[in-house]
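Structure, as structure tokens:
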Amino acid sequence: MANKKFIVVCTVLFSIATVSAFVEELDDTFKHTRKPDEIWLIGFYAPWCTYCKQLDPVWYEIGAELKNIGSPVNVGKVDADIHTSFAKEFRVTDYPAIKLLKDDLKYTYRGPRTKDGILEFADRVSGPLVRSLPSQQVFQNVMSRHDVLFVYFGGPSDLKEKYISVAKEMIVHTYFFSAARNILPKTVTLEEYPAVAVFKDGTYFLYDEQQDGDLTSWINRERFLNYLPIDSYTLYAMGDTDKLVVLAVVEEKTPTKESIRYKTMVKRVASEYKDFYSKEFQFGHMEGNEYINGLIMEEVSMPFIIVLNLSNDGYFLPPNKVETKDQLLKFIDGVLKGRIKIIFTKAPLLGIFLVFVFGFVGSTFCYVLYKTCHMVGYDSRDEVHTYDHAP
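Going by mature numbering (1 follows the signal peptide of the UniProt record, and there is no 0), the letters in the sequence shown line up with residues -21 to -1, 1 to 370, in that order.
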């Protein structure tokens, strides 16, 4: 019996040691020892940070996974309490902070602290800024794996240079591809070359500088599906799109027939009226009402319809309960034409985001810390770029 316990303990310790071997503890000597062509995924933590401790086992799994698949990404971690100059160089303002260092750029990860989310980020950012689609077969395969696909068609041009420049900034959010005109699917017609297209929602849209403005803003607006499930992370990420969000708030685990009807109604409007509303509105549903309760400072009964303005922390409520598609359309038109007045929340959406993600009591304290010293939470939305130039 004692031997069995000993074997189990040894096996566990060996597994921990094996996984830990794929994550390197970094210090202030890193900038002198790192080779120029090395790519590093670095987690910054503080010993007192509860969320850092929760991420720790996931971080070791990420290190092992990247090593097993032969990824060029090295994984490290830094105690920011000890190596303060290291953290300062990477502009770390929150814990746990996740940065990817590639060439002379530092990219910041702001998505869910999950293994799949971080691995997808590492794969996207560590690879080419713009990935080539050499054949129709590859094109179709990539389309089947991505809900939203940005593609540049054509040869060298000023538009291509702009596209590459945008990719450098927005690779943290989405993939970028390029293709020659001869691999274009038969269902796609391009009257002019070069061109940039986005494939999503079963169709495609072409970028038009005169109608759509600058390329960066257009890609930022189009990088989400027209209708999708929305959680607090997704909602926060939508803050830079300048779109209003039409949201059906429904039960989380066992949605009622009424909730299913609400979801279907919003999805139907998003699909059938895409040409009318897609530039101004994002559509989706959120499971559970905790986030919205914190936003409007009262408990809402589900299902429920609300329109959020993420650019100014405001929201719109229907004057009457929305029961039909026509009533929903009337509400949306009222918002669009200014007949429905905006309501402003007393707490910024960032504060609500923290409350929702981390729990009311703890996050209220964290939000106070965020406002005073920026040590907990997420980066300010005022930060223009999603990457930092290395000094």
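Glycine included, every Cβ here is placed at the ideal spot set by N, Cα and C.
Spatially closest choice to residue i from the options, by CA coordinates
i: Lys85; options: Lys258, Thr93 and Ile150; result: Ile150
i: Met193; options: Asn161, Pro164 and Val145; result: Looking at the sequence provided, one finds Asp at residue 193 rather than Met. Closest option to Asp193, Cα to Cα, is Val145.
i: Asn161; options: Pro113, Ala176, Val177 and Tyr154; result: Pro113
i: Val167; options: Val248, Thr87 and Phe118; result: Phe118
i: Gly218; options: His152, Ser280 and Lys246; result: His152
i: Glu170; options: Thr303, Met122, Phe184 and Arg70; result: Phe184
i: Met281; options: Lys300, Ser290, Leu287 and Lys46; result: Lys300
Residue span of the alpha helix (DSSP H) that contains residue i, given as start and end
i: Lys67; result: Thr63 to Glu68
i: Lys246; result: Lys236 to Glu251
i: Lys304; result: Lys304 to Leu315
i: Phe9; result: Phe9 to Thr12
i: Met122; result: Gln115 to Arg124
i: Gly263; result: Here Gly263 belongs to no alpha helix (DSSP H); instead the beta strand (DSSP E) covers Phe260 to Glu266.
i: Val37; result: Thr29 to Asn47
i: Leu112; result: Careful: Leu112 lies outside any alpha helix (DSSP H) and carries neither H nor E.
Neighbourhood of residue i by C-beta, 8 angstroms cutoff - its chain only, sequence neighbours within 5 removed
i: Asp278; result: Position check: residue 278 holds Glu in this sequence, whereas Asp was assumed. So the qualifying residues of the chain are Asn268 and Asn272.
i: Gly55; result: Val2, Glu3, Glu4, Leu5, Phe9, Trp19, Leu20, Ile21 and Gly22
i: Phe132; result: Ser157, Ala158, Ala159, Arg160, Leu163, Leu169, Tyr172, Pro173, Ala174, Val175 and Ala176
i: Gly317; result: none
i: Leu98; result: Ile41, Glu44 and Leu45
Cβ neighbour criterion (16 or more within 10 Å) applied to residue i
i: Lys236; result: exposed
i: Asp254; result: exposed
i: Tyr172; result: exposed
i: Thr72; result: buried
i: Glu201; result: buried
i: Trp27; result: exposed
i: Lys242; result: buried
i: Asn53; result: buried
i: Ser111; result: exposed
i: His11; result: exposed
i: Ile198; result: buried
i: Asp82; result: exposed
i: Asp312; result: exposed
Limits of the beta strand (DSSP E) - the one that residue i falls within
i: Glu99; result: Segment Lys94 to Ser105 is the alpha helix (DSSP H) holding Glu99; no beta strand (DSSP E) there.
i: Ile18; result: Ile18 to Tyr24
i: Tyr206; result: Tyr206 to Pro208
i: Tyr294; result: Gly293 to Phe295
i: Ala227; result: Leu223 to Val229
i: Asp58; result: Val52 to Asp58
i: Ile285; result: Phe283 to Asn288
i: Leu214; result: No beta strand (DSSP E) holds Leu214; the alpha helix (DSSP H) holding it covers Ser211 to Ala216.
i: Ile77; result: Ala76 to Lys81
i: Leu84; result: Leu84 to Thr87
Same chain, Cβ closer than 7 angstroms to residue i, neighbours up to 5 away in sequence not counted
i: Pro91; result: Tyr212
i: Ala249; result: Asn205, Tyr206 and Phe262
Same chain only: Cβ atoms within 6 angstroms of residue i, ignoring 5 sequence neighbours per side
i: Val37; result: Lys94
**alpha helix (DSSP H) runs wholly inside the stretch 132 to 200, at least 4 long, in chain order** = Runs of the alpha helix (DSSP H) lying entirely within the stretch 132 to 200, each at least 4 residues long, are 137 to 149 and 188 to 191 in chain order.
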